[in-house]
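The opening residue of the sequence shown carries number 175 in the numbering used here; numbering runs sequentially from there.
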Amino acid sequence: MPKVEHAPYKDGDCFVNYENKVFEDVKAQPGEKALITFHTVANEGSVGFVNLLQATRLIRKGFETSVLLYGPGVTLGVQRGFPRLGDEAFPGHMNCNRQIAKILEEGGKVYACRFALQALYGYGEQNLIPGITPINPQDVLDIILLARRDNAFILNTWTL
């Protein structure tokens with residue numbers, strides 16, 4: 175049997191060179207925009223939370239950033255908590271809510287489709303995290319077309 179001669183790793187050790195950045199740290203030019211769309215169910219995977227973090231990064235890089243919640247994506251924007259709204263039932267339970275609040279605090283805009291809220295998920299506008307703007311379902315395509323017309327960076331977030 176081969177013998178392992180390497181000492182066990184300990185807290186603080188690194189497996190990879192995380193400080194080696196390969197690409198330029200891109201910052202927005204004046205007036206540049208970004209749109210992040212979400213057609214994903216809250217807490218059903220990491221993509222929703224990860225791309226909310228990306229939206230926050232885009233704001234910090236200087237992009238005028240908007241977030242679009244439509245279809246199951248509106249579930250990212252509803253108030254939650256247990257046993258009361260705002261209470262974290264388990265570590266990480268409120269990650270998406272906190273990240274959306276941070277996006278709004280840092281100047282981003284967040285929009286939620288009214289059709290998906292009511293017809294698909296049974297929520298009303300009063301269920302949204304304060305600061306989210308409810309929009310007409312016909313605005314879903316138009317915000318994407320406006321972003322395209324403005325040459326915005328668009329990141330589409332989809333899960334099935």
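Ideal Cβ positions, reconstructed from N, Cα and C, are used throughout, including at glycine.
Practice problem: Would you kindly work out how many angstroms separate the C-alpha atoms of LEU336 and GLY305, rounded to a whole number? | Solution: Examination of residue 336 is not possible in this model, given that the chain is present from 175 through 334 alone.
Quiz item: If you compare alpha carbons, which of ASN191, VAL178 and THR307 is closest to VAL248?
Solution: Closest option to VAL248, Cα to Cα, is THR307.
Quiz item: What are the uninterrupted segments assigned as alpha helix (DSSP H) that are 4 or more residues long and contained completely in the segment 247-303, given in chain order?
Solution: List check, alpha helix (DSSP H) in window: 269-279.
Quiz item: Is it right to say VAL190 is buried, meaning 16 or more other beta carbons lie within 10 angstroms of its own, or is it exposed?
Solution: exposed
Quiz item: Thinking just about the alpha-carbon of each residue, which of ASP324, LYS276 and ALA263 is nearest to the one in PRO204?
Solution: Cα-wise, what sits closest to PRO204 is ASP324.
Quiz item: What do you get for ALA263, buried or exposed, if any count of 16 or more other CB atoms within 10 angstroms of its CB means buried?
Solution: exposed
Quiz item: ASN310 to ILE317, Cα distance in whole Å?
Solution: So the two alpha carbons sit approximately 11 Å from each other.
Quiz item: Can at least three beta-carbon pairs, one atom from the segment 269-276 and one from the segment 210-225, be found at a separation below 8 Å?
Solution: yes
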